[in-house]
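For the sequence shown, counting from 1, position 224 maps to 280 in the numbering used here; every step adds exactly one. We put the beta carbon where it would ideally sit given N, CA and C, even for glycine. One structure below.
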Amino acid sequence: MSFPKNALSGASLALVAILFAPLAARAADKTVLRPMFDLEQGWDSNIYNDSGGDEASLVTRFSPGLWIENSGELGFARLGVSLTGRSVWEESNLSGIDSGARGDFERKLTPRLSLFGNGYVDYYSGYEEISEGAGTGSPGEVLLSEQPSWARNQLGTGLRYLLTPRTSFRLSGSAGRVNYEHVDPGELNEDNQLIYSSTGDYRDRNLWSLRAGLDHQLSARDKLSLSVDGDDSAYQDVGFGTNDSQIWKAELSWDRNWSPVWSTELSLGASTTDARRDDVPQFGGIGYIAVCVIFGIPFPCPQQSQVALDQTSFSGSSSGVVGSFAITRTFERSLIRLGYSRDTQSTGGSGRTNFDIDSFTLSLTHRLAERVKLSISGNYALQTSVSDELPAYSATVIPSLTEPTRFECRAGGSAQIVGTVPHPQDPLDLIPVYQCFGGSSEEDRTYTILTARLDWQMRKQLNAFVVGRYYHSTKDQSLGSGEEIETEDFDKITLGVGLRCAWDVGL
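This is the structure in C-alpha cells:
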C-alpha cells in the first residue's frame, strides 16, 4: 500500500524552504541548536478509544527531537523535527512510531512591515485491532479492524503592517491536507489475515483559511480588534461523494487590563455557513409479493429491498452568533482564568450543515515552589446541531398479502414514489420505488476534559512531571419520527509520569 500523493515528503520540502529562506538571510544572528528527549510511563484505561471500552494497559512513550532557532533584531526562525514512539504493553498491534516537523518565523522587512509564517507536517502510523470472528471458517482465521496510517500538513504565511503607532493591519492565509492510507474491506494483510473493516470513516480532506484583522490600541489598558475569517473544508468520502463546507466569521473584540491583577477579553460577531455535497449515492425502498418455494410447494410471500438510484447533490446554509468572554485574575504565585465561547463548526458532510459549540473553560496555575508548578484545567463543550433537515432517504416498504402496503420513514417525513423497477420474477411488472422526504435529525454532543499536571525543574536542562487526564463524551440523537438513538458514553483516563531533557548548543 502506497501513501497517497506523497503528502509527507512534499510538505516537508515546502516547510524547510519557507522557514530557512529568512534564516539564511540572517546568518550572523544568534543561532541555537536544541536537542530534546521526552520519556513518559503511563496508564490508559481505554486503549482502543471505544465508547464503553474497558481495555486498559500500561503505555510507554518516548520522543527524541531536535530544534534549531535563529534570532536577532529583525526577527526569528525556528524549525524542529521529532519522533514519537509508543509501546502498548497489553496490545503490541497498537504500538508504533509517529514523526513530524514544524516551525515558524517572523521577519521585519521594513520598520512598518513584517512577514510571518508557520507550518507543520505529521505522520501517524496505523494500527490493527485483532479479534475473533466467524469468517469463512478457516482454521486459525482472525479478523482485524484497521485504522490506516495517515498524515496531515499545513503551511501558512501572512503580513503585519503598522498603519500608525497605535494601529496595525494583518493578513494571513494557510492551506493544509489530511491523507489516509486506504484499505479496502476484504483485503488480506501480509500475514494472510482478513481485514474486514472499511476505512469509510477516514476521509481525506483539503483545508484552506483566510484571516484579516485590524488592531487598535485605544490606551495603555484597552485594545480593539476587528477580524474577518474564512475557512473552507473539502472532504472526499470513501464511496459517499464529496463535500465542501465554507464558514465566514466577523468579530469585534475588546481587551482591557482593569488593574495589574484583573483583565478581561470580550468578542462578539456573526458567522455564516454554506455546505454542498456532490455525487451522493441515493437509494429507494421497494416492496413486492414474490413466489417462495417451501418443500417444493410455491407460496406467495412479501419481500422488501433497496435499489440504487442516480447520484445527486444537496446543499444548505445557516447563520449564527459567535463570541467569547474570558476573565483573568493574577496573584503573587497563581493565575486563574475563566472563559466562555460560542463558535460554529462544519460537520464536513452530514445532512445538517453545522453545529453550534458552547465551551466553558477554567484553568489554574500555581507555583508551589521556585521550581515546582501545578496546573489544573477543565473544559466542557456542548455541540448542538443547527440545520436538522435531511436530504431524501430510502423508505422502508412493508408489503402484505392481506393489508395495504405500509411505509416507514425512520427519520420522519413522508414517502413518495420516485420511479419504478422491474419485478425480479416478472420483468413486465413494474414495482414503485419510494423515498422519504422531509426527514430530520437533531443531535447533541458533550465533551468534558479535565487535566492536572505537576512540573518540577530538577536541573536547568532536566524537568520531571506527573500528569492525569480524564475524557468524557456523550451523544444524543432524536429522529424526526420521534425515535431516540442512544449511544454509550465514552470515558477515558490516562496517568503518566515522565522526564523531559533539553539543552542549548550555541552555533
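Residue i (DSSP reduced to helix, strand or coil)
| i | result |
| --- | --- |
| Leu130 | coil |
| Leu150 | helix |
| Phe387 | coil |
| Leu551 | strand |
| Glu111 | coil |
| Thr298 | strand |
| Asn105 | coil |
| Leu563 | coil |
| Val442 | coil |
| Cys348 | strand |
| Arg448 | Strictly speaking, residue 448 in this sequence is Ala, with Arg absent from that position. Reduced to three states, the DSSP call for Ala448 is coil. |
| Thr476 | strand |
| Thr213 | strand |
| Glu544 | coil |
| Ile186 | In this predicted model, Ile186 has a pLDDT of only 44, less than 50, meaning its place in the structure is not dependable; the value taken from the coordinates is given anyway. Strand at Ile186. |
| Cys492 | strand |
| Cys357 | strand |
| Cys557 | strand |
| Ser456 | coil |
| Pro120 | strand |
| Val317 | coil |
| Pro337 | strand |
| Pro461 | One point to set straight first is that residue 461 is Thr, not Pro, in the sequence displayed. Coil. |
| Leu274 | coil |
| Ala467 | coil |
| Thr166 | coil |
| Pro91 | strand |
| Gly538 | coil |
| Glu483 | Note that residue 483 is Pro in the sequence shown here, rather than Glu. Three-state DSSP puts Pro483 in a strand. |
| Trp564 | What the structure shows of the chain is the stretch from 57 to 563, and residue 564 is not part of that stretch, so it cannot be assessed. |
| Gly256 | Reliability of the predicted coordinates at Gly256 is poor, the pLDDT of 47 falling under 50, and the value obtained from them is presented with this limitation in mind. Residue state, collapsed to three classes: coil. |
| Arg222 | coil |
Same chain, Cβ closer than 7 Å to residue i, five either side skipped, listed in chain order
| i | result |
| --- | --- |
| Gly469 | Cys492, Phe493, Gly494, Gly495, Gly536 |
| Arg393 | Ala382, Thr384, Ser419 |
| Arg168 | Tyr217, Leu218 |
Close Cβ partners of residue i (< 6 Å) along its chain, the five nearest in sequence each way excluded
| i | result |
| --- | --- |
| Cys348 | Phe355, Cys357 |
| Ala112 | Ser101 |
| Ser155 | Leu139, Tyr179 |
| Arg226 | Arg216, Gly269 |
| Leu6 | Because the chain here runs from 57 to 563, residue 6 falls outside it and cannot be looked at. |
| Gly108 | Glu544 |
| Ala81 | Only weak support exists for where Ala81 lies, its pLDDT of 47 falling under 50; the coordinates are left without a value. |
| Lys531 | Arg501, Thr543 |
| Leu555 | Leu95, Ala520 |
| Asp285 | Arg267, Lys305 |
| Leu322 | Trp310, Phe381 |
| Glu499 | Ser441, Gln533 |
| Ser415 | Ser397, Ala437 |
| Thr320 | Arg312, Ile383 |
Nearest neighbour of residue i, chosen from the options [CA to CA]
| i | options | result |
| --- | --- | --- |
| Ser327 | Ile432, Leu150, Asp160, Gln401 | Gln401 |
| Ala346 | Thr87, Asp366, Glu96, Leu457 | Leu457 |
| Leu430 | Gly108, Ala508, Leu263 | Ala508 |
| Thr116 | Val88, Leu150, Asn126 | Leu150 |
| Ile124 | Asp260, Tyr104, Pro91, Asp366 | Pro91 |
| Ser224 | Glu237, Gln273, Arg312, Gly98 | Gln273 |
| Ile541 | Arg466, Arg134, Ile303 | Arg466 |
| Val522 | Met514, Arg515, Leu510, Lys516 | Leu510 |
| Ser275 | Glu146, Trp314, Asn105 | Trp314 |
Residue j beta carbon less than 8 Å from that of residue i
| i | j | result |
| --- | --- | --- |
| Asp288 | Ser281 | no |
| Arg158 | Tyr176 | yes |
| Gly379 | Glu307 | yes |
| Trp559 | Arg427 | no |
| Gly552 | Glu129 | no |
| Pro488 | Thr476 | yes |
| Gly229 | Asn209 | no |
| Phe118 | Gly136 | no |
| Thr386 | Val317 | yes |
| Ser497 | Gln472 | no |
| Ser374 | Asn410 | yes |
| Val277 | Arg222 | Per the sequence shown, the amino acid found at residue 277 is Arg instead of Val. No, the pair does not count as a contact, with Cβ atoms beyond the cut-off. |
Chain-order list of residues whose beta-carbon lies under 8 Å from that of residue i (same chain, five-residue window excluded)
| i | result |
| --- | --- |
| Leu165 | Leu171 |
| Ile454 | Gly343, Pro358, Gln360, Thr461, Arg462, Phe463, Glu464 |
| Gln362 | Phe339, Gly340, Gly341, Ile342, Ser450 |
| Ser371 | Asp330, Ala331, Arg332, Arg333 |
| Asp110 | Ser101, Asn102 |
| Val474 | Gly340, Leu365, Ala448, Val489, Tyr490, Gln491 |
| Leu518 | Leu555, Arg556, Cys557 |
Contact test: residue i Cβ vs the ligand ADP heavy atom, cutoff 7 Å
| i | result |
| --- | --- |
| Glu445 | Absent from the structure shown: the ligand ADP. Ligands present: none. |
Whole-number beta carbon distance between residue j and residue i, since they are thought to touch under 8 Å
| i | j | result |
| --- | --- | --- |
| Thr504 | His528 | 4 Å |
| Asp260 | Gln292 | 5 Å |
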